[in-house]
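Using the working numbering, you'd call the opening residue of the sequence shown number 22 and step up by one each time.
Step one of this worksheet: look at the structure below.
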Amino acid sequence: MRNLKTYFIAVCCLLLSIAAFAQEFVPNYEESKIPAYALPEILVSKEGQSITSVDQWETIRRPEIVTDFETYVYGRIPKEKFEVQKEVLIEADILGGKAHLKETKLTFSRQGRQISMNILLILPKKIDKVPVFVGLNFYGNQTILDDPAIAITESWTMQNDHFGIVNHKATAASRGVRHYRWPVGQIIARGYGLATIYYGDIDPDKDDFTDGVHALFYQPGQIRPDKDEWGAISAWAWGLSRSMDFLEQEPAVDASGVLVMGHSRLGKAALWAGARDQRFAMVISNDSGCGGAALSRRKYGETVGRITTSFPHWFSDNFDQYANNEDALPVDQHMLVALVAPRPVYVASAKDDLWADPKGEYLSAYRAGEAYRLYNLKGLASETMPEVNHPVGASVGYHMRTGVHDVTDFDWNAWMDFADRHLGRE
Ligand code: GTR
22 MRNLKTYFIA
32 VCCLLLSIAA
42 FAQEFVPNYE
52 ESKIPAYALP
62 EILVSKEGQS
72 ITSVDQWETI
82 RRPEIVTDFE
92 TYVYGRIPKE
102 KFEVQKEVLI
112 EADILGGKAH
122 LKETKLTFSR
132 QGRQISMNIL
142 LILPKKIDKV
152 PVFVGLNFYG
162 NQTILDDPAI
172 AITESWTMQN
182 DHFGIVNHKA
192 TAASRGVRHY
202 RWPVGQIIAR
212 GYGLATIYYG
222 DIDPDKDDFT
232 DGVHALFYQP
242 GQIRPDKDEW
252 GAISAWAWGL
262 SRSMDFLEQE
272 PAVDASGVLV
282 MGHSRLGKAA
292 LWAGARDQRF
302 AMVISNDSGC
312 GGAALSRRKY
322 GETVGRITTS
332 FPHWFSDNFD
342 QYANNEDALP
352 VDQHMLVALV
362 APRPVYVASA
372 KDDLWADPKG
382 EYLSAYRAGE
392 AYRLYNLKGL
402 ASETMPEVNH
412 PVGASVGYHM
422 RTGVHDVTDF
432 DWNAWMDFAD
442 RHLGRE
């Protein structure tokens, strides 16, 4: 009898695991299988009022959309005060004296807890008030340029044997491994500066809310954010705003020309940072996909259901309820792009990056043009995607380049051309 019971339990377990396997996520890559959807209106307020002026946009609709993204998608970022300490770690001339590198450690403290983030700033010499691209990086500042002056991050990093990450710690072998994604020489040659921070300094990318910036802002006894409070993307966006605070105080930087960019999950963070913090003069999203520029309702490639399962810590807990229930979301990602208006925004996709849904990224950028029109600015001209490798757009820029999920020189050249146009540097 006992044996029979054990046998029965074993068979049940087997059947359950087969069922779980059968339900494994299969991404949709067919346009014809996209469910019919209606996007929430950018220019209609919650009370049903048509938004027809800049004033109505800025006082009624924009704040509503920001609040919805805070509450239902990324989670609220605390507004409480904190202390900051600055320590310059290193200064050096690089690139044969053409550029100056400075790495500064910023330590944030509150309630007896602290975290530190290192900001690496590289500026062309002999230019005053330089516009600066700022972006987070995936494996530490030392990976973007092979220069012994740059500190190797001591923070937890994602495991990557090829990049010299051993037991989640970066080693000297990781120096310069991501150089190709950060064409420092070209950026400097075109008269821009570059600031970068390792995203794990702000919040290590794992489902653990004790080790990053979140804990500085907990109420007594709190151990993880509440349902509508910040996940990791909001934390990384918070870090980008702290880099803006820092850049505002750097005399050689043109603080009115700080351009925030990010790739993939860090593209999601760049969009959210730029949407909220209007001090950023331009926002660039690269292959940011689901939870970034791509429309959630299209259910093409990565979906809300999949992303909230694989990366539960990225969003607010409230976002989980929209898994396979996207139509109930009060917002969609075109509204995130629209929040950047009237500042220029650029959405970049890659042809083979289907997981991020290039068309969903394009349509979202296209629809965001509605907010720009209130300012008499032009977005993207057509609902039809442009040819591959053909950057388009006025205040809303877009390209889909050939290739995979990555950052390439093609992307950087397009962004610098776009920035030149908007900063009057042509
Ligand atoms: C993927 C994730 C994407 C994207 C990407 C990345 O695994 O599904 O949403 O963020 O990671 O950041 O490289």
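Every residue, glycine too, gets a C-beta built ideally from N, C-alpha and C.
Using a 10 Å radius around the Cβ and a threshold of 16 neighbouring Cβ atoms, would you call Asp222 buried or exposed?
Counting Cβ neighbours within 10 Å, Asp222 comes out buried, since at least 16 surround it.
For His284, does the count of other Cβ atoms within 10 angstroms reach 16, so buried, or fall short, so exposed?
Its Cβ being crowded by 16 or more others within 10 Å, His284 is buried.
Exposed or buried, which one is Gln163 when buried takes at least 16 other CB atoms within 10 Å?
It counts as buried.
If you compare alpha carbons, which of Ile165, Ala120, Gln180 and Glu124 is closest to Val449?
Since the first and last residues shown for the chain are 22 and 447, residue 449 lies out of range.
Which ranges does the beta strand (DSSP E) cover as unbroken runs of at least 3 residues, wholly within the segment 195–230, from first to last along the chain?
The segment 195–230 contains these whole beta strand (DSSP E) runs: 214–219.
So, with DSSP's three-state summary, where would you put Lys380?
Lys380: helix per DSSP, three-state reduction.
Alpha carbon to alpha carbon, how far is Arg442 from Arg245?
Distance between the alpha carbons of Arg442 and Arg245: 44 Å.
Quick check on this structure: which residue in Ala216, Glu79, His426 and Lys399 has the alpha carbon closest to the alpha carbon of Asp5?
The chain is shown only over 22 to 447; residue 5 falls outside these bounds and no answer can be derived.
Glu124: buried (16+ other C-beta within 10 angstroms of its C-beta) or exposed?
That one is buried.
Cβ of Val366 within 8 Å of Cβ of Ser385?
Not closer than 8 Å, so no.
Could you round the C-beta distance between Ala296 and Val361 to whole angstroms and report it? I think they count as a contact, below 8 Å.
That pair is a contact at about 6 Å.
Would you check if the distance between the CB atom of Gly322 and the CB atom of Tyr95 is smaller than 8 Å?
No, the pair does not count as a contact, with Cβ atoms beyond the cut-off.
May I ask you to check if the CB of Glu68 is nearer than 7 Å to at least one heavy atom of ligand 3?
In the structure shown, ligand 3 is absent; the only ligands present are ligand 1.
Can the beta-carbon of Asp353 be found closer than 8 Å to that of Leu316?
Going by C-beta atoms, Asp353 is nearer than 8 Å to Leu316.
Under 8 Å by Cβ, that's how I've got Leu268 and Val274 pegged, so tell me the actual separation to the nearest angstrom.
Indeed they touch by this definition, with Cβ atoms about 5 Å apart.
Going by other Cβ atoms of all chains shown within 10 Å of its Cβ, with 16 needed for buried, is Arg319 buried or exposed?
With 16 or more other Cβ atoms within 10 Å, it is buried.
If we count the other Cβ atoms within 10 Å of its Cβ and call it buried at 16 or more, is Tyr220 buried or exposed?
The residue in question, Tyr220, is buried, as its Cβ has 16 or more Cβ neighbours within 10 Å.
Under a Cβ-count criterion, where at least 16 other Cβ atoms within 10 Å of its own Cβ denotes burial, should Ser255 be classed as buried or exposed?
Burial call: buried.
Here's a check: name, in chain order, each residue in its chain whose Cβ is nearer than 8 Å to the Cβ of Arg394, leaving out the five neighbours to either side.
Gly400, listed in sequence order.
Is the beta carbon of Arg286 within less than 7 Å of some heavy atom of ligand 1?
Within the cutoff, so yes.
Keeping to the same chain, check which residues put their C-beta closer than 7 Å to that of Pro145; ignore five residues upstream and five downstream.
So the qualifying residues of the chain are Lys119, Ala120, Val151, Ile209, Gly212 and Gly214.
Mind checking which residues open and close the alpha helix (DSSP H) that includes Phe4?
Lying outside 22 to 447, the shown extent of the chain, residue 4 is not represented and no answer is given.
Does Lys385 come out as helix, strand or coil in the three-state DSSP assignment?
For the record, residue 385 in the displayed sequence is Ser; it is not Lys. Residue state, collapsed to three classes: helix.
If you drop the 5 nearest sequence neighbours on each side, which residues of the same chain put their C-beta closer than 7 Å to that of Asp374?
Taken in chain order, the residues that qualify are Asp308, Val425 and His426.
Ignore the nearest five residues each way along the sequence and tell me which others in Ser71's own chain have a CB closer than 8 Å to its CB.
The answer, listed in chain order, is Leu64 and Val65.
Where do the N-terminal and C-terminal ends of the beta strand (DSSP E) with Gly288 fall, by residue?
Segment Arg286 to Arg297 is the alpha helix (DSSP H) holding Gly288; no beta strand (DSSP E) there.
How should Phe46 be labelled, buried or exposed, when 16 other C-beta atoms within 10 angstroms of its C-beta is the threshold for buried?
Exposed: under 16 other Cβ atoms inside 10 Å.
In three-state DSSP terms, what is Thr324?
Looking at Thr324 - three-state DSSP - the assignment turns out to be coil, as it is neither helix nor strand.
Quick one: grab the DSSP three-state call for Phe184.
Phe184: helix per DSSP, three-state reduction.
Give the range of the beta strand (DSSP E) segment to which Pro84 is assigned.
From DSSP, Pro84 is part of no beta strand (DSSP E) but of the alpha helix (DSSP H) over Arg83 to Asp89.
Tell me the rounded alpha-carbon separation between Pro412 and Val304.
Spanning the two alpha carbons is a distance of roughly 16 Å.
Shortest alpha-carbon distance to Leu142 belongs to which of Thr128, Ile165, Ile136 and Gln132?
Among Thr128, Ile165, Ile136 and Gln132, the Cα nearest to that of Leu142 is on Ile165.
Any chance the CB of Gly185 is under 7 Å from a heavy atom of ligand 1?
Gly185 Cβ: outside cutoff for every heavy atom of ligand 1.
Should Ala369 be labelled buried (16 or more other beta-carbon atoms within 10 Å of its own) or exposed?
By the neighbour-count rule (16 or more Cβ atoms within 10 Å), Ala369 is buried.
Can Ile328 be considered in contact with ligand 1, in the sense that its beta carbon sits closer than 7 Å to one or more heavy atoms?
Yes; taking the cut-off as 7 Å, the Cβ of Ile328 has a heavy atom of ligand 1 nearer than that.
Can you tell which of Thr330, Tyr396 and Gly310 has its C-alpha closest to the C-alpha of Tyr383?
Checked all of Thr330, Tyr396 and Gly310; the closest Cα to Tyr383 is Gly310.
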